[in-house]
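I have placed the structure first, in the form of structure tokens, so that the comments after it can refer back to it.
Protein chains: 2
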Amino acid sequence: MTAVTLQDVATEAGVSLATASRALHGGTRVVTAELRERVEQAARDLGYTSHGPAQALARATTPVVGLIVHDIADPYFSAMAIGAMRAAHESGLLVLVCNTFRDPALELDYVARLRAQRARGVLLFGSGFTERSYQSKLHHELDLLAGLGGRVACISPHGFATDAVLPEHRDGGRLAAGHLAALGHRRIGVISGPANLLVNQERLRGFRDQLRALDIELPQEQIAKADFTREGGRAAAVELMGRVPGLTAIFALNDVMAIGVLAALRDELKLSVPDDVSVVGFDDIALTVDVQPALSTVHLPLEEIGRHGMRLLLEEAPTGTRTVRVPASLVHRESSAPPRD
Amino acid sequence: MTAVTLQDVATEAGVSLATASRALHGGTRVVTAELRERVEQAARDLGYTSHGPAQALARATTPVVGLIVHDIADPYFSAMAIGAMRAAHESGLLVLVCNTFRDPALELDYVARLRAQRARGVLLFGSGFTERSYQSKLHHELDLLAGLGGRVACISPHGFATDAVLPEHRDGGRLAAGHLAALGHRRIGVISGPANLLVNQERLRGFRDQLRALDIELPQEQIAKADFTREGGRAAAVELMGRVPGLTAIFALNDVMAIGVLAALRDELKLSVPDDVSVVGFDDIALTVDVQPALSTVHLPLEEIGRHGMRLLLEEAPTGTRTVRVPASLVHRESSAPPRD
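Written out as structure tokens, the structure is:
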């Protein structure tokens, strides 16, 4: 392939080299819409490759922002991502989504890659991990990014100060506990997600605090650990109900695990929901109304949270770091009811 | 921020500048693992920014591949994306996911962006659009990418020759028709996706061909159009059942719309599935077993399809373009049964 030069494009469009450069690459002096269109048409006709990396060197940032998510197959993350992408597209920015599989090392790799590509900013979804070494490495990476003019924002806590959208995870945990207690449940099991996730810790803490305030015990044996997946929730529910047979309710720390709990109760344990066991989830992902029975859960406005996060990333802060708190609410559907007796 | 140079890193690690460069940026001569680790540690300690765009200029490609998807919130795409990402990570590559919202112009923008960033390759998910102008523009973009050493692969047809994984969409349509016909259905409605998507056309064609082979009519009024979303499927089902009240079965061209159809029948039309109306979907996304009733559908091995696509992208082709055909199969669950009489 013979390389097409910017001069070729300028000649084709009948403009100076400087005008062609300004039309395609921007700059301080403005080009009329008519001229820009003519140059762009010439560039398209010739198949001119405006050299991204070379431009990035000259311009410091590229019109790209990165989203770092734990698991894009979890509707919790994809719904937030859709909200963030809509907001970014309204600002003419492209969005690159990076999936970490909840691997802190991969998260650091992606942030470094986005920094090397001079992304305009990075929005971190899902919570950070509790490990100090991860937190300090990530903090370091993000400082480097900021030093190059990149912006950073988080959704949910990450263990350091930055612009952040903070859904009220702890309040959500409290609401779930209050709901089940008000229905009359006293022996409640919990399906927890990965212990090293800050979001998981907050949800569990809120749940535990509220039960304690209501004088309801939550012994450690009533808590089973899983991995925020449907399959993990299913297996944990079977194990938990085998270990503590008298439970009348299960609170799963996200909806995807709660859907696994419903499957375990229905297919393996042959227990009826909510007659034998009530189930409450967390997040209110799109399909909670379609599962059987429709899932009671803690609602977070996921698309809106994603939008807020992107706006924090794109709007220059007046001073200091900004925090947007997003309240949780409880949605009572069919999977929770008073215990049998 | 004072810029840390590669020389600073070399000094800190106690190696020559050439060795530091080779350890961090690769090259023809190999560096021992011990040396590489020492240099990388020094780079981390000093916060050295290996300059991505500058490197990209020198090296032609970056260790990044792009995935272009229509709608990452649709489990059809996220499941394929997860499969592709696992395969990419095994090869040490980072994956940037680009969501087009089914907007052909945005798809072209993303491909151009990935080209400008010297991505190693682009994997196009979901089908192409039928419009000739889009096809020729995309083809042109991908030619430019290939001219720079980038690789291209597709999942599902895109209207031009390239390495491709081709799930048997048409066979899947045939299977759905055969299944409903074998149960005894003769008046079958169809919820179709966007008419300009090649995948949609193939699925519908297979369904129609098989009905014709079985002498079952499918008049145009029994086909309702939607947009591959749950809400679209729900609204289309209400409209279709109002227009053609005698239908005993509905085939939705993807599962997400089929879940909307189940919701419409249950909540708005007060019809029982499968007693009053049978419903069949397409894709076999993860949650089809959790909806009520469990959805009969055409199964595609989604994660495997994503993996195949990434392998096509990463493995050098011996000669010519390669095609991997992936068969569809029918999964009979609870949402389909013989009609009432």
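The listed protein sequences derive, respectively, from chains A and B. Residue numbering for the first sequence follows my numbering, starting at 218 and increasing by one per position. Residue numbering for the second sequence follows my numbering, starting at 218 and increasing by one per position. Note that CB positions come from ideal geometry on N, CA and C, so glycine has one too. Note that the structure is predicted; figures quoted are calculated from it, not measured.
CB contact below 8 Å: residue i versus chain A
{"i": "Gln352/B", "result": "no"}
{"i": "Val478/B", "result": "no"}
{"i": "Arg557/B", "result": "no"}
{"i": "Leu201/B", "result": "As shown, chain B starts at 218 and ends at 558. That puts residue 201/B outside it, with no answer to give."}
{"i": "Val281/B", "result": "yes"}
{"i": "Gln427/B", "result": "no"}
{"i": "Thr538/B", "result": "no"}
{"i": "Gln334/B", "result": "yes"}
{"i": "Pro544/B", "result": "no"}
Own chain, CB closer than 6 Å to residue i, minus 5 neighbours either side, in chain order
{"i": "Gly338/B", "result": "Val282, Gly367, Arg368 and Leu530"}
{"i": "Ser373/A", "result": "Ser344 and Val416"}
{"i": "Val407/A", "result": "Ile440 and Phe468"}
{"i": "Pro544/B", "result": "Glu385"}
{"i": "Ala503/A", "result": "Pro292"}
{"i": "Leu431/A", "result": "Ala398"}
{"i": "Thr505/A", "result": "Asp472, Leu512 and Thr514"}
Bridge partner(s) assigned by DSSP for residue i
{"i": "Lys442/B", "result": "Ser409/B"}
{"i": "Val369/A", "result": "Val339/A"}
{"i": "Pro384/A", "result": "Val543/A"}
{"i": "Cys467/A", "result": "With the sequence shown as reference, residue 467/A is identified as Ile, and Cys is not the correct amino acid for it. BP columns for Ile467/A point to Gly406/A and Val496/A."}
{"i": "Ser353/A", "result": "Bridge partners of Ser353/A: none, in fact."}
{"i": "Gly283/A", "result": "Leu313/A and Val339/A"}
{"i": "Ser513/B", "result": "Val497/B"}
{"i": "Phe346/A", "result": "Leu414/A"}
{"i": "Val548/B", "result": "Thr514/B"}
{"i": "Val232/B", "result": "The partner list for Val232/B (beta bridge, DSSP) is empty, contrary to what the question assumes."}
Where residue i meets chain A, residues with beta-carbon distance less than 8 Å
{"i": "Val508/B", "result": "Leu504, Asp507, Val508 and Gln509"}
{"i": "Met527/B", "result": "Correct list: empty, because the minimum Cβ distance to chain A is about 13 Å."}
{"i": "Arg576/B", "result": "Because residue 576/B is not part of the residues shown, which for chain B are 218 to 558, the question remains open."}
C-alpha gap between residue i and residue j, whole angstroms
{"i": "Val232/A", "j": "Lys354/B", "result": "25 Å"}
{"i": "Leu323/B", "j": "Glu533/A", "result": "26 Å"}
{"i": "Arg539/A", "j": "Ala363/A", "result": "16 Å"}
{"i": "Leu331/B", "j": "Leu313/B", "result": "9 Å"}
{"i": "Gln439/A", "j": "Leu359/B", "result": "55 Å"}
{"i": "Asp444/B", "j": "Ile405/A", "result": "42 Å"}
{"i": "Ala273/A", "j": "Thr249/A", "result": "Confidence in Ala273/A is poor, its pLDDT being 45 and thus under 50, which makes the residue's placement too unreliable to answer from."}
{"i": "Asp507/B", "j": "Val541/A", "result": "34 Å"}
{"i": "Asp493/A", "j": "Ser513/A", "result": "15 Å"}
{"i": "Ile289/A", "j": "Leu428/B", "result": "38 Å"}
{"i": "Val515/B", "j": "Ala466/B", "result": "15 Å"}
{"i": "Pro510/A", "j": "Ser295/A", "result": "23 Å"}
{"i": "Lys442/B", "j": "Pro411/B", "result": "7 Å"}
{"i": "Asp426/B", "j": "Val490/B", "result": "26 Å"}
{"i": "Glu257/B", "j": "Thr379/A", "result": "27 Å"}
{"i": "Asn413/A", "j": "Phe346/A", "result": "5 Å"}
{"i": "Pro334/A", "j": "Glu520/A", "result": "Residue 334/A is actually Gln in this sequence, not Pro. Spanning the two alpha carbons is a distance of roughly 27 Å."}
{"i": "Thr236/B", "j": "Ala336/A", "result": "28 Å"}
Contact set for residue i: own chain, Cβ-Cβ below 7 Å, skip 5 residues either direction
{"i": "Ala304/B", "result": "Arg524, Met527 and Arg528"}
{"i": "Phe377/A", "result": "Gln352 and His356"}
{"i": "Leu263/B", "result": "Val221, Asp225, Val226 and Glu229"}
{"i": "Asp484/A", "result": "none"}
{"i": "Met458/A", "result": "Leu464 and Leu486"}
Contacts that residue i makes with chain A (C-beta to C-beta distance below 7 Å)
{"i": "Asn471/B", "result": "Residues of chain A passing the Cβ test: none, with the nearest at roughly 14 Å."}
{"i": "Met302/B", "result": "Asn316"}
{"i": "Gln418/B", "result": "Within chain A, no residue comes near Gln418/B; the closest Cβ sits about 26 Å away, beyond 7 Å."}
{"i": "Pro384/B", "result": "Result: empty, since nearest Cβ-Cβ is about 18 Å, beyond 7 Å."}
Chain B within 8 Å of residue i, Cβ atoms only
{"i": "Ser295/A", "result": "yes"}
{"i": "Val369/A", "result": "no"}
{"i": "Val494/A", "result": "no"}
{"i": "Gln174/A", "result": "No statement about residue 174/A is possible, as the shown extent of chain A runs from 218 to 558 and does not include it."}
{"i": "Pro518/A", "result": "no"}
Contacts of residue i in chain A (Cβ-Cβ under 9 Å)
{"i": "Cys315/B", "result": "Leu311, Val312, Leu313 and Val314"}
{"i": "Arg330/B", "result": "Gly269, Thr279, Pro280, Val281, Leu311 and Leu313"}
{"i": "Pro374/B", "result": "In chain order: nothing, as chain A lies at least about 24 Å away."}
Proximal residues of chain B, C-beta to C-beta of residue i below 9 Å
{"i": "Asp326/A", "result": "Leu311"}
{"i": "Pro491/A", "result": "Ordered by position in chain B, no residue passes the 9 Å Cβ test against Pro491/A, which lies about 14 Å from the chain."}
Under 9 Å by beta carbon: chain D residues contacting residue i
{"i": "Arg447/B", "result": "Chain labels in this structure do not include chain D; the protein chains are A and B."}
Chain B residues whose Cβ lies nearer than 8 Å to that of residue i
{"i": "Ile289/A", "result": "Ile289, Ser295, Ala298, Ile299 and Val314"}
{"i": "Pro321/A", "result": "Those within 8 Å of Pro321/A in chain B number zero; the least Cβ separation is about 14 Å."}
{"i": "Pro411/A", "result": "Result: empty, since nearest Cβ-Cβ is about 18 Å, beyond 8 Å."}
Cβ neighbours of residue i in the same chain (closer than 8 Å, five flanking residues each side left out)
{"i": "Ile522/A", "result": "Met297, Gly300, Ile372, Val382, Pro384 and Val543"}
{"i": "Val455/A", "result": "Ala481, Glu485 and Leu486"}
{"i": "Leu311/A", "result": "Pro280, Val281, Val282 and Ala305"}
Proximal residues of chain B, C-beta to C-beta of residue i below 7 Å
{"i": "Pro436/A", "result": "Residues of chain B passing the Cβ test: none, with the nearest at roughly 30 Å."}
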